[in-house]
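Worksheet: one structure, shown below.
Numbering (our numbering), first residue to last: 3 to 236.
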């Protein structure tokens, strides 16, 4: 049984479809929330992969939130161990920062909240090929790190996904989203729906009904490949 270290950023965080699929694949999830004081391991000998999920904080909050600083300092341990790494939204932005790239808000204060289109790049063996509509909830984006491979672009936030090495991925979007998560997020953070770029709540449900199955199908194919990488480093 593979053991996956899962990092969340709120006590109420859910792993959604990512957690469901990994468990269906026979993985055991070691879920830790540094924001609540839970520590991260000093080594990864007992783990087969790492997933860092999103959160309302910024990857630039390392001067005000000690756990963000600790995570940024810890991520190189994963890369050095060459363990599969998956960063989702904030997790992707943290990976980008660790690799020397800038993370910043959209210059027009634009949000991506709800379903939006992405364009997978024509890179050979792109695991995002065919994935076109995904769920977002973010106000910041990342520059492409040096030596990273761009896997998907977007209209308002240019860099939507990248790979670094053979098994470290950063996804700006939320493939783990479920209908119940949309319900909770749009209820608890309803004020965010007033910003430019945010879809109305009902539109998000409608889009999920239309696109959710295709994202779930993609995720079921992607996660096993991510755990057993066969791609070259670049």
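Here a beta-carbon is modelled for each residue, glycine too, at the ideal position from N, C-alpha and C.
For residue 158, there is no enclosing alpha helix (DSSP H), as DSSP marks it with neither H nor E.
Residue burial is scored here from C-beta neighbours: residue 3 has fewer than 16 other C-beta atoms within 10 angstroms and is therefore classed as exposed. Here the C-alpha atom of residue 50 lies approximately 8 Å from the C-alpha atom of residue 229.
Look at residue 189 here: in three-state DSSP terms it is helix. Collapsing the DSSP output to three states places residue 90 in a strand. With three or more CB-CB distances shorter than 8 Å, the segment 123-136 counts as touching the segment 154-163. By the 16-neighbour rule on beta-carbons within 10 angstroms, residue 215 is exposed. If you draw a straight line from the Cα of residue 96 to the Cα of residue 114, it is about 18 Å long.
When Cβ pairs closer than 8 Å are counted between the two stretches, the segment 181-196 is seen not to touch the segment 92-108, the count staying below three. Bridge pairing for residue 118: 136 [DSSP]. No Cβ-Cβ contact shorter than 8 Å links residue 56 with residue 29.
Between the beta-carbon of residue 137 and that of residue 156 there is about 13 Å, and that puts the pair past the 8 Å contact cut. Between residue 210 and residue 184, the gap from beta carbon to beta carbon is short of 8 Å. DSSP places residue 142 inside the beta strand (DSSP E), whose first and last residues are 142-144. Less than 8 Å divides the Cβ of residue 142 from the Cβ of residue 107.
The count of Cβ pairs closer than 8 Å, one atom from the segment 195-210 and one from the segment 67-79, stays below three, leaving the stretches out of contact. With contacts defined as CB atoms closer than 8 Å, residue 11 and residue 135 fail to qualify as a contacting pair.
Of all alpha-carbon atoms in 170, 166 and 206, the one lying nearest the alpha-carbon of residue 182 is that of 206.
No Cβ-Cβ contact shorter than 8 Å links residue 153 with residue 23. Selection 14, 227, 8 and 200 evaluated against residue 112 yields 200 as nearest (Cα-Cα).
Taking C-beta atoms as the reference points, residue 139 and residue 187 count as a pair closer than 8 Å. Taking the Cα positions, residue 52 is about 20 Å away from residue 58. In the three-state DSSP reduction, residue 179 falls in the coil class, being neither helix nor strand.
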